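Engineer: To start, I am sharing the structure in question, which I have written as structure tokens.
Protein chains in written order, with my numbering: chain D, 17 to 258; chain S, 627 to 968.
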């Protein structure tokens with residue numbers, strides 16, 4: 017996918033986040049269209065060469081620009097205002113949509129049972145059978161929107177609207193690494209064992225973050241994930257060291 | 627390579643440089659020092675670049691010795707520090723003889739003390755930084771806090787440089803340590819017992835009572851606080867109505883309010899994004915003071931404007947630059963003493 021995009025009126029509002037960061041808001045829903053603009057704007061800001069920018073971090077609906085205020089003159093407007101002005105200028109023009117990585121990644125996942133303890137509850141909540149939940153989760157490729165929570169931990173979407181469920185009422189104290197979980201129209205994979213409140217429906221044997229690889233993150237922004245059901249036996253065979 | 631041999635590690639002693647930037651995009655936290663002021667000051671005092679790796683010690687520190695003569699500095703929390711049993715001052719360069727035992731003992735005030743060595747600690751860089759990410763288990767020393775028996779490498783890149791007067795004096799003296807002149811450096815003035823903050827994007831979504839409570843009540847630092855966040859106990863802050871917020875980038879100092887209403891100030895080990903309502907952002911210039919709070923300390927929040935916060939930050943950086951100049955002078959001057967009572 018290539019092409020250009022333009023920010024719509026009301027899109028691209030910039031606000032200060034403390035003294036060393038500004039946030040570019042591009043929407044309020046974690047959906048595909050918004051996220052494509054997020055990734056395009058991220059690339060545009062990285063290309064802009066604006067002095068003082070330390071790091072550009074895309075999220076679902078916004079882009080954070082971390083910067084060093086000392087790169088700006090002391091007199092006149094505060095640095096966040098000066099930076100916002102430069103960013104607005106960089107975003108006024110047509111913005112090339114970020115190159116799709118073109119990658120469709122088939123992610124093996126063992127659904128249900130001990131690996132997907134919430135599968136039945138999700139099915140009951142959505143008025144589906146477990147098999148239907150698995151099929152709906154596997155059928156549509158999910159685009160990687162952003163990473164956070166743990167190194168290499170992806171959040172992807174859009175989920176089929178029939179898999180409509182929020183977070184669990186009581187979060188789990190321990191969710192195993194590799195757990196494939198859904199909530200609020202998104203699908204995530206826990207890249208580290210941690211507490212968590214999402215509905216765990218499967219587990220992947222893959223290691224998503226390995227410092228011996230370059231880059232260490234196995235998945236990339238814009239990748240499309242296609243989950244592939246595997247048996248517990250296959251899970252054990254495919255299990256990667258972490 | 628020379629190293630520091632750890633006899634006793636202290637509770638949470640870990641290597642931190644200024645942090646691992648550039649990888650939040652793939653979910654890697656920045657880490658870095660909790661108290662950036664003391665971290666930068668300690669590096670300046672031993673003549674290091676700002677981003678050299680330093681040992682951050684929380685609540686207690688190590689007992690350790692160096693395999694080579696080493697110039698060190700200690701900044702931050704007041705703790706009883708001795709070398710071969712004799713008290714040494716903070717905020718000055720110290721020549722420490724090989725084998726002399728540096729002991730960071732009883733804590734008097736504050737939470738975190740920073741030990742810088744001239745040249746910096748030389749643990750391997752991971753994704754461009756030496757900072758410890760203890761949650762993910764990489765960076766620093768084996769990705770973890772120090773333990774007894776660890777041998778923490780110290781850079782010897784300065785072997786070619788002409789020795790400092792402090793070092794020459796130290797070698798000749800035959801003493802276990804020699805102290806340079808102290809560097810008088812205090813962070814910019816701040817209101818007593820309160821940190822300043824800028825209203826966050828969801829400020830207006832809180833009830834008027836919550837807004838009033840936040841700026842007038844005192845909050846207690848919970849013992850569950852850690853490098854990820856300072857958890858506060860006190861008046862719960864209520865939203866006018868529940869909010870679903872899409873996760874977005876967080877910064878050091880973000881004050882987020884989870885559903886229980888008790889604010890959490892995100893600190894150095896914060897995640898790169900978060901989805902709780904944000905009532906404010908603590909002014910960067912006041913973050914070092916937050917980092918020195920201990921469980922059950924109290925604090926309040928004082929509102930300031932965005933422009934004021936930005937001016938404060940500039941003053942903070944300038945104060946650091948002045949401290950760096952004072953440190954350079956102290957390092958090139960004749961040492962004053964060899965072991966005054968602290």
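Here a beta-carbon is modelled for each residue, glycine too, at the ideal position from N, C-alpha and C.
These numbers were taken from a predicted model, which means no experiment stands behind them.
One question on the structure: do residue 39 (chain D) and residue 78 (chain D) come within less than 8 angstroms of each other, judged by their Cβ atoms?
Structural biologist: Contact: yes.
Engineer: Just to confirm, are residue 261 (chain D) and residue 46 (chain D) a CB contact at a threshold of 8 angstroms?
Structural biologist: Residue 261 (chain D) is absent from the model: chain D starts at 17 and stops at 258.
Engineer: List, in order along the chain, the chain D residues whose C-beta lies closer than 8 angstroms to that of residue 647 (chain S)?
Structural biologist: Result: 70, 71, 82.
Engineer: Would a check of beta-carbon distances place residue 945 (chain S) closer than 8 angstroms to chain D?
Structural biologist: Judged by the 8 angstroms Cβ criterion, residue 945 (chain S) is not in contact with chain D.
Engineer: Between the C-alpha atoms of residue 667 (chain S) and residue 642 (chain S), what's the straight-line distance to the nearest angstrom?
Structural biologist: Roughly 14 angstroms separates the two Cα atoms.
Engineer: DSSP three-state call for residue 101 (chain D): helix, strand or coil?
Structural biologist: If DSSP states are grouped into helix, strand and coil, residue 101 (chain D) belongs with the helices.
Engineer: Alpha carbons only, please: which of S:909, S:755, S:801 is nearest the one belonging to residue 814 (chain S)?
Structural biologist: Measuring from the Cα of residue 814 (chain S), the nearest candidate turns out to be S:909.
Engineer: Taking contact to mean at least 3 C-beta pairs separated by less than 8 angstroms, is the segment 160-176 of chain D in contact with the segment 201-218 of chain D?
Structural biologist: Touching, yes.
Engineer: Can you name, in chain order, every residue of its own chain whose Cβ lies under 6 angstroms from the Cβ of residue 95 (chain D), other than the five neighbours on each side?
Structural biologist: Counting only Cβ-Cβ distances below 6 angstroms, and skipping sequence neighbours, we find 85, 88.
Engineer: With a 10 Å radius around its C-beta and 16 neighbouring C-beta atoms as the bar for buried, classify residue 953 (chain S) as buried or exposed.
Structural biologist: When all chains shown are included, residue 953 (chain S) counts as buried.
Engineer: Suppose you measure from the CA of residue 705 (chain S) to the CA of residue 850 (chain S); what does that come to, to the nearest Å?
Structural biologist: Between residue 705 (chain S) and residue 850 (chain S), the C-alpha separation is close to 22 angstroms.
Engineer: Where does residue 682 (chain S) fall in DSSP's three states?
Structural biologist: Strand at residue 682 (chain S).
Engineer: Are three or more beta carbon pairs between the segment 686-700 of chain S and the segment 724-735 of chain S nearer than 8 angstroms?
Structural biologist: The answer is yes - the segment 724-735 of chain S touches the segment 686-700 of chain S, with three or more Cβ pairs under 8 angstroms.
Engineer: Can you check whether the C-beta of residue 756 (chain S) is within less than 8 angstroms of a C-beta belonging to chain D?
Structural biologist: No, residue 756 (chain S) does not count as interfacial toward chain D.
Engineer: Alpha carbon to alpha carbon, what distance is there between residue 236 (chain D) and residue 919 (chain S)?
Structural biologist: Going by the C-alpha atoms only, they are around 39 angstroms apart.
Engineer: Given a limit of 9 angstroms on CB to CB distance, which residues of the segment 738-754 of chain S reach chain D?
Structural biologist: So the close ones are 752, 753.
Engineer: In whole angstroms, what is the alpha-carbon distance linking residue 81 (chain D) and residue 72 (chain D)?
Structural biologist: Roughly 5 angstroms separates the two Cα atoms.
Engineer: Assign residue 833 (chain S) to buried or exposed, taking buried as 16 or more other Cβ atoms, counted over all protein chains shown, within 10 Å of its Cβ.
Structural biologist: Residue 833 (chain S) comes out exposed.
Engineer: For a cutoff of 8 angstroms on Cβ pairs, would you count residue 910 (chain S) as touching chain D?
Structural biologist: Chain D contact via Cβ: present.
Engineer: Which residues does DSSP pair with residue 741 (chain S) in a beta bridge?
Structural biologist: Answer by DSSP bridge pairing, in chain order: S:681, S:700.
Engineer: To the nearest angstrom, how far is it from the Cα of residue 256 (chain D) to the Cα of residue 97 (chain D)?
Structural biologist: Their backbone Cα atoms lie some 48 angstroms apart in a straight line.
Engineer: Any Cβ of chain S within less than 8 angstroms of the Cβ of residue 34 (chain D)?
Structural biologist: Residue 34 (chain D) counts as touching chain S.
Engineer: Tell me the rounded alpha-carbon separation between residue 631 (chain S) and residue 141 (chain D).
Structural biologist: Using only the alpha carbons, I get a separation of about 57 angstroms.
Engineer: Which of the residues in the segment 30-55 of chain D, read from start to end, lie with their CB under 8 angstroms from any CB of chain S?
Structural biologist: Those residues of the segment 30-55 of chain D that come within reach of chain S (Cβ to Cβ, closer than 8 angstroms) are 31, 32, 33, 34, 35, 36, 37, 39, 44, 45, 46.
Engineer: Can you tell me which of D:64, D:223, D:241 puts its alpha carbon nearest to the alpha carbon of residue 251 (chain D)?
Structural biologist: Checked all of D:64, D:223, D:241; the closest Cα to residue 251 (chain D) is D:223.
Engineer: Would you say residue 227 (chain D) reaches chain S, if we count a Cβ-Cβ gap shorter than 8 angstroms as a contact?
Structural biologist: Yes, contact with chain S.
Engineer: Need the endpoints of the beta strand (DSSP E) that residue 122 (chain D) sits in, please.
Structural biologist: 120-127 is the span of the beta strand (DSSP E), which, as asked, contains residue 122 (chain D).
Engineer: Straight-line CA distance for residue 747 (chain S) to residue 22 (chain D)?
Structural biologist: Those two C-alpha atoms are separated by around 48 angstroms.
Engineer: Among residues of its own chain, excluding the 5 on either side of residue 905 (chain S), which ones have a beta-carbon nearer than 7 angstroms to its beta-carbon?
Structural biologist: So the qualifying residues of the chain are 826, 828, 829, 832, 840, 863, 881, 883, 889.
Engineer: Suppose you measure from the CA of residue 875 (chain S) to the CA of residue 907 (chain S); what does that come to, to the nearest Å?
Structural biologist: Distance between the alpha carbons of residue 875 (chain S) and residue 907 (chain S): 13 angstroms.
Engineer: Please list the terminal residues of the continuous alpha helix (DSSP H) segment that includes residue 948 (chain S).
Structural biologist: First-last of the alpha helix (DSSP H) with residue 948 (chain S): 932-958.
Engineer: So, does the CB of residue 17 (chain D) fall closer than 8 angstroms to a CB anywhere in chain S?
Structural biologist: With a pLDDT of 49 at residue 17 (chain D), under the threshold of 50, the predicted position of this residue should be treated as unreliable, though the coordinate-derived value follows. Chain S, which has no Cβ nearer than 8 angstroms to the Cβ of residue 17 (chain D), makes this no.
Engineer: Per DSSP, what are the beta-bridge partners of residue 709 (chain S) in this structure?
Structural biologist: In DSSP, residue 709 (chain S) forms a bridge with S:712, S:728.
Engineer: Give the straight-line distance between the Cα atoms of residue 138 (chain D) and residue 50 (chain D), rounded to the nearest whole angstrom.
Structural biologist: Answer to the nearest angstrom: the Cα atoms are 27 angstroms apart.
Engineer: Looking at chain D, which residues of the segment 635-663 of chain S have a Cβ within less than 7 angstroms of any of its Cβ atoms?
Structural biologist: Within the segment 635-663 of chain S, the residues whose Cβ lies closer than 7 angstroms to some Cβ of chain D are 647, 648, 650, 651, 652, 653, 654, listed in chain order.
Engineer: Using a threshold of 8 angstroms, state whether the C-beta atoms of residue 913 (chain S) and residue 879 (chain S) are closer than that.
Structural biologist: A contact, by the Cβ cut-off of 8 angstroms.
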